[in-house]
Amino acid sequence: MRAIWSGDVSFGLVTVPIKLYSATRSHELSLHQVHDDDGGRIRYERHCEVCGEKVDYKDIDKAYDSGESTVILTKEELGELPADDSKEIAVEQFVPEDQIDSMELDKSYYLEPAGKSAKAYVLLRRTVEESSRVAIVTFTLRSKTRLGVLRVRGDVIVLQGLRWADELRDPEFDVPKSRLTKKEQEMASSLVDSYAEDFDPERFNDEYQDQLHTLVEEKLAHGEDIDTEATFGEVEDDEEGDGNVIDLMEALKQSVDSRRKSTGKGSGDSGQEKSGSKKTKAAKSSGSSQKKAS
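Pasting the structure below:
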C-alpha cells in the first residue's frame, strides 16, 4: 500500500501524526480504447469550438453555466480564493454512531501512525472505542475541504468521508399508500425469515468481471496480445512528517479545560458529562509524552 496523504489528527491540544491509505480498491479490469482496425490506442485532444485550434492544458480556464448564461473563471481568480492546504484532520465533535445516516458515508481510508506517534495513536483509538461515539472531523484532501468520521475497525482507526448536508437529495416523487391485510404482512415476514442468515461478503462474486478476467487470460494464453505502449499517471510521493514531543497528560488536561470553558460546562454538570470526564481521565493514564503540531 502507498500512502496518499500525511498529516496530523488534531484532538484538542493532542496531535497524532498519521499516514492516510485508501481502504478500498476497484476489482474491475482497466481497459483502454483502441482502433478496431489495427489495435492502435485512441488519444483525445482538446480543441476549441470557437477557433478550432488544439488547446494545451495550460491555456484552459474554467466556466460556470447557469443554464441561461456563462461566466469564465480564470486561473488567477481561482488562485485568489482562500484554498485550504492544511495537513490537519481536526476533530470537531464526538457523536453517537447511530446518528450517522449510511447515505452520508463516502470513501474509506486507513490511518497509520507515523514516526514515533504510536502512543498518541493508541490513545485516540481507545478513546473513540470507549466513548461509544464516533469523531466528526474536517480535513483537506486534493485541495478540497471535506467532512468525515473517525471510527475504529479492529486495531486500526478508519476515516470515512461524509457527504455535505446539501449533497443529499430528497425523493421528488410520491410514494403510494396501500392497505395491507394481516395475512399479507404475515406472509411477507415469513418470506424474510426464510432468507435470514449472517452476511458473508465472500459469498458474492461479480460474475461479469470474473468472465472478463477469463476472456483476457484465454486471449493471452493463445498469443493474441499486441505490442502497444501503455501510459500511466505518476503518483505523488507521500510526505514524511514528525511533530515535537509534548506532555500528553498536560495536553489532554488543557484540552478538557478549554472545551469546558468554550461550552460553559463545569465539573458540576450532568452525569453524562461526569461519565465523559472519567473516560478522559482513563485515557490520560495511558501515556505521558507524544507529538505536538508544528
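full-length UniProt numbering numbers the first residue of the sequence shown as 1 and each following residue consecutively. For every residue, glycine included, the Cβ atom is placed at its ideal position computed from N, Cα and C.
For L215, the enclosing alpha helix (DSSP H) stretches over residues 207 to 221. Annotated as proximal: Q160 and L105, with beta-carbon spacing under 7 Å.
Using a Cβ-Cβ distance cut-off of 8 Å, the segment 186 to 194 and the segment 117 to 135 are not in contact, since fewer than three pairs of beta carbons, one from each stretch, lie closer than that value. Selection E224, P96, H213 evaluated against L31 yields H213 as nearest (Cα-Cα). Per DSSP, E167 is not a residue of any alpha helix (DSSP H), being assigned neither H nor E. Under DSSP, R146 shares a beta bridge with F139. Following the DSSP letters along the chain, one finds D193 inside the alpha helix (DSSP H) bounded by residues 182 to 195.
The C-alpha of E80 is placed about 46 Å away from the C-alpha of D206. The criterion of a C-beta distance shorter than 7 Å is not satisfied by E45 and K58. Here Y121 is not near A23, since their CB atoms are 7 Å or more apart.
Beta-bridge pairing by DSSP links P113 to I18. In the DSSP assignment, the residues bridged to P96 are R133. Leaving aside the five residues that flank Q33 on each side, the residues in its chain whose CB is nearer than 7 Å to its CB run, in chain order, I42. Ranked by how close their Cα comes to the Cα of E112, the residues W164, D155, A90 have D155 in first place. Contact annotation: T138 and L150 have beta-carbon atoms that are not nearer than 7 Å. Under the DSSP definition of a beta bridge, R153 partners with V156. Residue burial is scored here from C-beta neighbours: K182 has fewer than 16 other C-beta atoms within 10 angstroms and is therefore classed as exposed.
Residue S86 holds the alpha-carbon nearest to the alpha-carbon of T145 among S86, Y21, G7.
Bridge pairing for I72: A63 [DSSP]. The beta carbon of C48 sits closer than 7 Å to those of V55, all from its chain and outside the five residues before and after it, given in chain order.
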